[in-house]
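Working notes for the structure below.
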Amino acid sequence: MDALLGSAHMQASASLVGSNQWQVACPGAPADVCASTCAFCSGDSAFHFCGQTASATQLIREVTPAPDIVLMDDGLVWRRGLAELAHLHRALPSARTLLIADSVQPSTMFAALRLGTWGMHAAHAG
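Here it is in structure tokens:
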């Protein structure tokens, strides 16, 4: 997770959009992903962990400020379908959504990218 959020690209993008701090949220992500994301954000002033919710719909309704980065677990996509992802992108069009995936079929991956997912990250990269 550190490599994902702490990349030079993310740091450069933050300065490009004029943001002092990236707001990061995790809808549907497992506790270990949220814990490591929160720990990373606590140690880097460029990021602030703004919330963990059970769904993207709950994230849209309850998390303020609105996140700039959404780390969405592929399990949420499997449980709720791509409609949840589409709803997130309509409600938060400027958010950069990253799908944290254990295994994703190419058809699902391409559909998620067409819906506006910014990228994918292997949950168990090793």
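Numbering (the UniProt record's numbering), first residue to last: 1 to 126.
We put the CB at the ideal spot given by N, CA and C, even for glycine.
Check, Outcome
"Which value, in whole angstroms, describes the spacing of the CA atoms of residue 46 and residue 73?", "23 angstroms"
"For the putative contact between residue 67 and residue 23, defined by C-beta atoms under 8 angstroms, what is the C-beta separation to the nearest angstrom?", "5 angstroms"
"Please give the ranges of any alpha helix (DSSP H) in the stretch 24-58, keeping only runs that are unbroken, at least 4 residues long and fully inside the region.", "31-42"
"With 16 as the cutoff for other CB atoms within 10 Å, does residue 64 come out buried or exposed?", "exposed"
"Would the stretch 49-60 and the stretch 81-96 be scored as touching if the rule is three or more Cβ pairs under 8 angstroms?", "yes"
"Could you tell me if residue 77 is buried or exposed, where buried requires 16 or more neighbouring beta carbons within 10 angstroms of its beta carbon?", "buried"
"Is DSSP giving residue 78 helix, strand or coil here?", "helix"
"If we ignore side chains and look at the alpha-carbon of each, how far apart do residue 105 and residue 121 end up?", "14 angstroms"
"Does DSSP put residue 88 in a helix, a strand or coil?", "helix"
"In whole angstroms, give me the CA-to-CA distance for residue 50 and residue 107.", "31 angstroms"
"Apart from the five residues just before and just after residue 82, which ones in its own chain have a Cβ nearer than 6 angstroms to its Cβ?", "111"
"Using the C-alpha atoms, what's the distance from residue 44 back to residue 20?", "12 angstroms"
"What does the Cβ neighbour count give for residue 113, buried or exposed, with the cut at 16 atoms within 10 Å?", "exposed"
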